[in-house]
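All remarks here apply to the structure that follows.
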Amino acid sequence: AQRVTQPEKLLSVFKGAPVELKCNYSYSGSPELFWYVQYSRQRLQLLLRHISRESIKGFTADLNKGETSFHLKKPFAQEEDSAMYYCALRMWDNYGQNFVFGPGTRLSVLP
Amino acid sequence: GAGVSQSPSNKVTEKGKDVELRCDPISGHTALYWYRQSLGQGLEFLIYFQGNSAPDKSGLPSDRFSAERTGGSVSTLTIQRTQQEDSAVYLCASSLATSGGAITDTQYFGPGTRLTVL
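Next up, the structure:
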């Protein structure tokens, strides 16, 4: 079955330190991976997607098919990065699309 | 512009009652998605619509759940004979389309409806 795992429920780092939020997936097809973020009292929103190969708010994520990973990284964490982060996998089949989300990692950036 | 809106924001109901949750997508968005966010299950994809059509309803948790979309706009998620395990935040999202890259298939989420079944 398709799965997305995020091993850390909570990750605390100090401001200015590097941060890496881990995400691993299992899927036999061609994966589309996303990172979503939910800041306190705000709506869930897309942070970045692997296809775009972009850097958003200093975050990057590289799809590693060999390790089936899509870890989210930022070299210097900021307090405003504190939020809940979800890794998500999109799959397509004959019926259309389906999404599987990881359980989420709460990032806390300490001053 | 106006984002995705959902109503009600909170709903408390008694076990066994039916509830209807509403989602108003961003104007012009052809795709609409429903998710459930609960403490024990995390974020769970339920169903999506392309226009008024839902290609796959297998993600709905049980046959007590149904969803419809009319006029390519508003969608309702109906839960019949609610159970305590239905308590969750129900999220709706919309996108311009379901594919085509970042501009067209980025999902914009609503604030959610918090459903509590007593």
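The listed protein sequences derive, respectively, from chains A and B. First residue of the first sequence? That's 1 in the working numbering, and the numbers climb one at a time after it. First residue of the second sequence? That's 112 in the working numbering, and the numbers climb one at a time after it. C-beta atoms are modelled at their ideal positions from N, C-alpha and C, and glycine is treated no differently.
Got a sec: is the Cβ-Cβ distance from Gly58 of chain A to anything in chain B below 8 Å?
No Cβ of chain B is located within less than 8 Å of the beta carbon of Gly58 of chain A.
Identify, in the order they occur along the chain, each residue of the same chain with its Cβ nearer than 8 Å to the Cβ of Gln97 of chain A, setting aside the five sequence neighbours on each side. Apart from sequence neighbours up to five positions away, the residues of its chain that approach Gln97 of chain A with a beta-carbon distance below 8 Å are Arg90 and Met91, ordered along the chain.
For Asp81 of chain A, count neighbouring Cβ atoms within 10 angstroms of its own Cβ and tell me buried if that reaches 16, exposed if not. Here Asp81 of chain A is buried. Its C-beta has 16 or more other C-beta atoms within 10 Å.
With a cut-off of 8 Å, does the C-beta of Phe156 of chain B fall near any C-beta of chain A? By this cut-off, Phe156 of chain B is an interface position.
**Item:** Rounded straight-line distance, which links the Cα of Asp174 of chain B to that of Glu131 of chain B
**Value:** If I take the Cα positions, the gap works out to 15 Å.
- Query: With which residues is Arg43 of chain A paired in a DSSP beta bridge?
  - Reply: Answer by DSSP bridge pairing: none, since Arg43 of chain A is not bridged.
What residues in the region 192-210 of chain B have a beta carbon less than 7 Å from any beta carbon of chain A?
Legend: CB atoms of the region 192-210 of chain B lying less than 7 Å from CB atoms of chain A belong to residues Leu202 and Thr209.
Reducing DSSP to helix, strand and coil, say where Ile51 of chain A ends up.
Taken through DSSP and simplified to helix, strand or coil, Ile51 of chain A comes out as helix.
Any chain B beta carbon closer than 8 Å to Gly104 of chain A: Yes - at least one Cβ of chain B is within 8 Å of the one on Gly104 of chain A.
Next on the checklist: Assuming the contact rule is C-beta atoms closer than 8 Å, Thr68 of chain A and Tyr25 of chain A should be a hit. Round their C-beta distance to whole Å, please.
Outcome noted: Between Thr68 of chain A and Tyr25 of chain A, the beta carbon gap of about 5 Å places them in contact (Cβ cut-off 8 Å).
inquiry  = Using the three-state DSSP reduction, which class does Glu20 of chain A fall into: helix, strand or coil?
reply    = Glu20 of chain A: strand per DSSP, three-state reduction.
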